[in-house]
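The sequence shown runs 1 to 76 under UniProt numbering.
These notes concern the structure reproduced below.
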Amino acid sequence: QNSLGYDCRCHLGKSGNKCMDGELVTTPLFDGMDSYIAYPPLTNIHNDLHIEMEFKPMDLDGLMFFSVGKKMKTEE
1 QNSLGYDCRC
11 HLGKSGNKCM
21 DGELVTTPLF
31 DGMDSYIAYP
41 PLTNIHNDLH
51 IEMEFKPMDL
61 DGLMFFSVGK
71 KMKTEE
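Written out as structure tokens, the structure reads:
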């Protein structure tokens, strides 16, 4: 909690007490236990999902990608 009594989790490229300060981000860096990026759920995919990313790991091990979704009912 900051001196104003709340915490802000700013979007990429923003910082400060009210996320009003801007930062130029060319290469995001995830360097801690609470480092992550989240995207909204994908709603228009059916059976296939293709994602292309580049990683430059700084450690020999770690979680690179995690995805979860609702289990859909299937007709028998």
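Glycine included, C-beta positions come from ideal geometry on N, C-alpha and C.
Beta carbon of residue i nearer than 7 angstroms to that of residue j
| i | j | result |
| --- | --- | --- |
| residue 35 | residue 23 | no |
Best match in the options for proximity to residue i [C-alpha to C-alpha]
| i | options | result |
| --- | --- | --- |
| residue 33 | 67, 27, 63 | 63 |
| residue 3 | 17, 11, 51 | 17 |
| residue 27 | 49, 41, 48, 12 | 12 |
| residue 53 | 8, 29, 40, 65 | 65 |
Residue-chain proximity (residue i, chain C), Cβ-Cβ < 7 angstroms
| i | result |
| --- | --- |
| residue 28 | No chain C appears in this structure, which consists of one protein chain only. |
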